[in-house]
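What follows is one structure encoded as structure tokens, with my remarks underneath.
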Amino acid sequence: LTPFLPCTLHKVHNAFRKGLNAYGDDAEQLAIDICQWYGDDAEQLAIDICQWYGDDAEQLAIDICQWYGDDAEQLAIDICQWYGDDAEQLAIDICQWFKSHISQREDCMLTLEDLGLDEEMFVHHDKCHEKEFQVLYLRICQLLSGKECKAQIQFLYKSFVTVVQPGDRVARVRAQMLHILYEIGREQYQFRLRYNGQYLRDAFRLEEYNIEANAVIKMVPLSDQKDDASDLRSMTSALTMNFDPETEKIPSVKSALYYEVKHLDRREKIVRDLHTLMYMHSLYLFLYVLSSYWYSVFWLLGYLLPMWYLIPGYTRIGGYIGNTFHRRLWFCVIVGVLGLTVMAIAIFLSVSAWQDIVADGCPSWTFENGCSRQNIYTGVIFSVHALLLLVTSVVMAMLLFNLRIEIGDVIEKYLVQERDIEEVMKLARSSKLKDRRTAAYELATMAASGDDNKFRIVAEAGLDVLIAMSLCNDEATQEYAVEALSELITIQSIQDNYVEVGGVRNLTALLHSPSARVMQEATRALYTICQSDENRHAMVEDHGLSDLAHAARNGSMETQRLVASIFLELVFNPEIRVQLTTRNIPAQALVHLCKSNDPETLRFALLTLELLAIESSDVVCAQEELLEILLDIPVRMMDKKLNLLAGKILLYFAENNQSREAMLDLVDLKDYLMTFAQTQDPILQKVVVKVIFCMMDSQQLKEQARVRRLDQVLTYCLDNNADRDVWDMADQGLQVIHSTEDTFPTLPSLSTMEKLSMGGKEGLFGSRTSLRSSLSNASSQRA
């Protein structure tokens, strides 16, 4: 963002207007960053935005109307909360102006239906002029055509700001989110936190997920079903409020939330009482002057000065305010000790004054000598002030005790506390959807926390329960159950048992789930199984390959990467590799994975296709769509290894008679091969030359190669060769393509060791065509 000016109006102006130049289309990130800059001071943020609009309140209302869309009722409620009592009338007036003037213009592209408004709500507004509405209409069109409007409003409605430390647990973030949801009346909503596509676990710390400052974490709701909300609302106040987290087990996260809210409300009241007591102590500065010990003003002032400076301001919604709120413990200790000292002095002076009064006896009620009015006044003032100081010290001690719990402490304790496996399994067997979902989440958390918990879950028949939960209709329960299974099967003995009871069939069936997260978790569990030599055979049984192909076509990018990894693991097994080459479905799935823009997915798919081509090149060459994908890879990816893999697979197409003719039928073949040659990689240049060599096995193919101007590719390799071998091969290729003889070069096959050494240091698998064939042999064969 550009440097902020002191004026609050310019702060918001710079943040939105000039910040958009740096953020571009990523308005959501801009909005979140601005919120994080303001911190917890959301009220100030709203004030600054209002100041930015200034007197142009109509424009702000129009912007909000367009953003809300059909939810006109919610719009009116929110505008009233933002702008006060007159905001609703203001929004209605603007809509009336729209209906009376703007919507009647010939060039108007908006209607009342577009804004979600009811025609019966409006009447003609006679205070406006046509010129005013023409300006309003043009301004609406200008804002709707840009991206400022969304950036201005988006963060106010959809973004929440939390402030935590890198060493804090994820549960701390969830705790702050629960407090925010409580303020807007949505504390019954269940949600999870996701960062970079990965769901965050409550027990882990933010630094373990590499979450840095100004990070954007998405809050993913679990379910909006009514039964969940009713279960949460049915909790009694005794369950949610009256318990001690120090000695009792926290019954639920909602009870922990209510306990914290009650605790923080008490803190707000204590701080407010301290402010009141401070004002009363300030009054005693003037009362002390009239006493017999007027010099007591100095130590009372020494007590009040640190109190004035260090006393914090606090509200449950806004948190701490003031310049020294971070020294609140210093405040309690310093002011508490000084208060006890001043109280002791006040008690001593009051006792001394009352002793003089008692010694004098006040005969005949005459106010003289020791019974003077000033002496009586001194005794009363110091006695009352000593009592006031005692009350202040007690309140200070209450505040110090209250400060032991900060926001999120109790909720975090509940979220990370260890559960009894028997109680969790009892919830898992419950008939209530909410209980089963909670149990699935608890089992997933326990399974990820250690190997001991994994064996405990299996010992309590948790494996069968999780399998049943993974096949239920609730997507959240499915996701947690599969996540727990994925953690359990990392233990080989548990994995063997799981495969034996037919768990692989359940996982492959989940690949057809409409939920992307369930599909991804099931794919991750299958990848764990396929890493085992003993159990990977279960993957290709029944409809396993078809299910994997479905996931390859319909899964997310992460799911596709896992599917490509599974195919690569499977193809390393000779028996499974033979099965893969006998069916067309795996090859088609791999071709679809090659369309991915994810480099890892593409690399795994190309490696698998190369191994399949070594086993049976006909299966790979039969994929007509794959040819153009391979030729286009240097344009899509700037990765030398991916380009080399694509080039080596192209050699198989060049060797096959039918696919070779298909290559020559491509109009842009010369451009594709030129792209490979322009990478300046010696191996890729040799691949290009070898591909062209393969296209000169007959006079007809040679003629077609000349029509496609493939000699220009050879000329480029000759002029821009990466090493001597490339130059020799390109030179021989030019001689052959321009010759009129009927003899053609024959290319010897590679041995297995030559295939493995083709990729050089990378150790990538090679093809059957040698890139390092003896040029002398080729020349003698042509002769």
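With positions in the sequence shown counted from 1, the corresponding number in this note's numbering is that position plus 2.
Don't be surprised by glycine CBs; every beta carbon is placed ideally from N, CA and C.
Here the structure is a predicted model, which means the values were calculated and not measured.
Exercise. Would a C-beta distance cut-off of 8 Å place residue 479 and residue 431 closer than the cut-off?
Worked result: Locating residue 479 in the sequence shown gives position 477, counting from the first residue. Locating residue 431 in the sequence shown gives position 429, counting from the first residue. Their beta carbons are not under 8 Å apart, which means residue 479 does not touch residue 431 by this criterion.
Exercise. Per DSSP, what kind of secondary structure is residue 447 in: helix, strand or coil?
Worked result: For the purposes of this step, residue 447 is taken as residue 445 along the sequence shown, with counting starting at 1. Reduced to three states, the DSSP call for residue 447 is helix.
For this session: Mind the definition here: the segment 192-205 touches the segment 259-270 only if three or more C-beta pairs lie below 8 Å; say whether that holds.
Result: no
Exercise. In the structure shown, what three-state DSSP assignment does residue 479 receive?
Worked result: Position 477 of the sequence shown, counted from the first residue, corresponds to residue 479. Of the three classes helix, strand and coil, the one that applies to residue 479 here is helix, per DSSP.
Exercise. Beta carbon of residue 647, beta carbon of residue 609: below 8 Å?
Worked result: Residue numbering aside, residue 647 sits at position 645 when the sequence shown is read from its first letter. Residue numbering aside, residue 609 sits at position 607 when the sequence shown is read from its first letter. Yes, Cβ-Cβ distance for residue 647 and residue 609 is below 8 Å.
For this session: Would you mind reading off the limits of the beta strand (DSSP E) that contains residue 530?
Result: Within the sequence shown, residue 530 is the residue found at index 528, counting from 1. Careful: residue 530 lies outside any beta strand (DSSP E), inside the alpha helix (DSSP H) at 518-532.
Exercise. Applying the criterion that 16 or more other CB atoms from any shown protein chain within 10 Å of the CB defines a buried residue, is residue 497 buried or exposed?
Worked result: Along the sequence shown, read from residue 1 onward, the residue named residue 497 stands at position 495. That one is buried.
For this session: Please specify which runs of the alpha helix (DSSP H), each continuous and at least 4 residues long, are wholly inside the segment 659-736, giving them in chain order.
Result: 659-666, 671-679, 684-696, 701-709 and 712-721
Exercise. Is residue 323 helix, strand or coil when you go by DSSP?
Worked result: Counting from one through the sequence shown, the residue named residue 323 turns up at place 321. Residue state, collapsed to three classes: strand.
Problem set entry | residue 636 vs residue 695 beta-carbon contact at 8 Å | Translated into the one-based positions of the sequence shown, residue 636 becomes position 634. Translated into the one-based positions of the sequence shown, residue 695 becomes position 693. It is not a contact, given that the beta carbons lie outside the stated cut-off.
Problem set entry | Residue environment, residue 625, which counts as buried when at least 16 other CB atoms sit within 10 Å | If you number the sequence shown from 1, residue 625 lands on position 623. It is buried - the Cβ of residue 625 has at least 16 other Cβ atoms within 10 Å.
For this session: Just tell me which of 534, 605 and 445 has its CA closest to the CA of residue 423.
Result: Counted from its first residue, the sequence shown places residue 423 at position 421. Out of 534, 605 and 445, 445 has the C-alpha closest to the C-alpha of residue 423.
For this session: Name the one or two DSSP bridge partners that residue 223 has.
Result: Locating residue 223 in the sequence shown gives position 221, where the first residue counts as 1. DSSP, once it has assigned bridges, lists 193 as partnering residue 223.
Exercise. Comparing alpha-carbon positions, which option in 386, 395, 318 and 178 lies nearest residue 351?
Worked result: The residue given as residue 351 occupies position 349 in the sequence shown. With distances taken between Cα atoms, residue 351 lies closest to 386.
Exercise. For the beta strand (DSSP E) that residue 317 lies in, which residues bound it at each end?
Worked result: Along the sequence shown, read from residue 1 onward, the residue named residue 317 stands at position 315. 315-317 is the span of the beta strand (DSSP E), which, as asked, contains residue 317.
For this session: Whole angstroms is fine: what's the gap from residue 554's alpha carbon to residue 701's?
Result: Indexing the sequence shown from 1 puts residue 554 at position 552. Indexing the sequence shown from 1 puts residue 701 at position 699. In a straight line, the C-alpha of residue 554 is about 42 Å away from that of residue 701.
For this session: Determine the extent of the alpha helix (DSSP H) in which residue 601 is found, giving its start and end residues.
Result: The residue you call residue 601 lines up with position 599 of the sequence shown. Start and end: 601-617.
Exercise. Thinking C-beta only, is residue 484 closer than 8 Å to residue 540?
Worked result: Indexing the sequence shown from 1 puts residue 540 at position 538. Indexing the sequence shown from 1 puts residue 484 at position 482. For residue 540 and residue 484, no; Cβs fall outside 8 Å.
Exercise. For residue 631, which option in 671, 216 and 379 has the closest C-alpha, if you only look at C-alpha atoms?
Worked result: Counted from its first residue, the sequence shown places residue 631 at position 629. Among 671, 216 and 379, the Cα nearest to that of residue 631 is on 671.
Exercise. Which one of 726, 633, 629 and 571 has the shortest CA to CA distance from residue 536?
Worked result: Along the sequence shown, one-based indexing puts residue 536 at 534. Residue 571 is the option with its Cα nearest to residue 536.
For this session: Kindly indicate which residue of 711, 505, 709 and 684 has the alpha-carbon position closest to the one of residue 730.
Result: For the purposes of this step, residue 730 is identified with residue 728 of the sequence shown, where counting begins at 1. Residue 684 is the option with its Cα nearest to residue 730.
Exercise. Residue 552 and residue 604 look like a contact to me (Cβ under 8 Å); what is the Cβ gap, rounded to whole Å?
Worked result: The count along the sequence shown starts at 1 and reaches residue 552 at position 550. The count along the sequence shown starts at 1 and reaches residue 604 at position 602. No, residue 552 and residue 604 are not in contact; Cβ-Cβ is about 20 Å, not under 8 Å.
For this session: Determine the DSSP secondary structure at residue 416, reduced to helix, strand or coil.
Result: The residue labelled residue 416 in the question sits at position 414 within the sequence shown. If DSSP states are grouped into helix, strand and coil, residue 416 belongs with the helices.
Problem set entry | Helix, strand or coil at residue 497 [DSSP, three-state] | As a first step, residue 497 must be located in the sequence shown, where it is residue number 495. Helix, per DSSP.
Exercise. To the nearest whole angstrom, what separates the beta carbons of residue 486 and residue 524, a pair I think is in contact under 8 Å?
Worked result: Working through the sequence shown from its first residue, we reach residue 486 at position 484. Working through the sequence shown from its first residue, we reach residue 524 at position 522. With 8 Å as the limit, residue 486 and residue 524 do not qualify as a contact, their Cβ atoms being about 12 Å apart.
Problem set entry | Expected contact under 8 Å - CB spacing of residue 380 and residue 316 to nearest Å | Against the sequence shown, residue 380 aligns to sequence position 378. Against the sequence shown, residue 316 aligns to sequence position 314. With 8 Å as the limit, residue 380 and residue 316 do not qualify as a contact, their Cβ atoms being about 36 Å apart.
Exercise. Can a CB atom of chain C be found closer than 8 Å to the CB of residue 434?
Worked result: As a matter of chain content, chain C is missing from the structure shown, which is built from one protein chain.
Problem set entry | Residues that residue 201 bridges to, as DSSP identifies them | Locating residue 201 in the sequence shown gives position 199, where the first residue counts as 1. Its beta-bridge partners are 196.
For this session: Determine the contact status of residue 564 and residue 601, defining contact as a CB-CB distance below 8 Å.
Result: What you label residue 564 is simply residue 562 of the sequence shown in a count that begins at 1. What you label residue 601 is simply residue 599 of the sequence shown in a count that begins at 1. Against a cut-off of 8 Å, the Cβ pair of residue 601 and residue 564 comes out as no contact.
For this session: Spatial neighbours of residue 450 within its chain, please: CB distance less than 7 Å, with the 5 preceding and 5 following residues excluded, ordered by chain position.
Result: Counting from one through the sequence shown, the residue named residue 450 turns up at place 448. Counting only Cβ-Cβ distances below 7 Å, and skipping sequence neighbours, we find 203 and 489.
Exercise. So the alpha helix (DSSP H) residue 185 belongs to, where does it begin and stop?
Worked result: Position 183 of the sequence shown holds residue 185. Residues 172-185.
For this session: Would you mind working out which of 595, 327, 362 and 275 sits nearest residue 399, comparing C-alpha positions?
Result: As a first step, residue 399 must be located in the sequence shown, where it is residue number 397. Cα-wise, what sits closest to residue 399 is 275.
Exercise. Exposed or buried, residue 286, counting other C-beta atoms within 10 Å across all chains shown (16 or more means buried)?
Worked result: Position 284 of the sequence shown, counted from the start, is the residue given in the question as residue 286. So residue 286 counts as buried.
Problem set entry | Cα-Cα separation between residue 726 and residue 597, rounded to whole angstroms | Working through the sequence shown from its first residue, we reach residue 726 at position 724. Working through the sequence shown from its first residue, we reach residue 597 at position 595. Taking the straight line from one Cα to the other gives about 35 Å.
For this session: Classify residue 207 as helix, strand or coil using the three-state DSSP reduction.
Result: By 1-based counting over the sequence shown, the position of residue 207 is 205. Of the three classes helix, strand and coil, the one that applies to residue 207 here is strand, per DSSP.
Exercise. Counting Cβ pairs, one atom from each stretch, are 3 or more of them under 8 Å apart for the segment 296-306 and the segment 317-327?
Worked result: no
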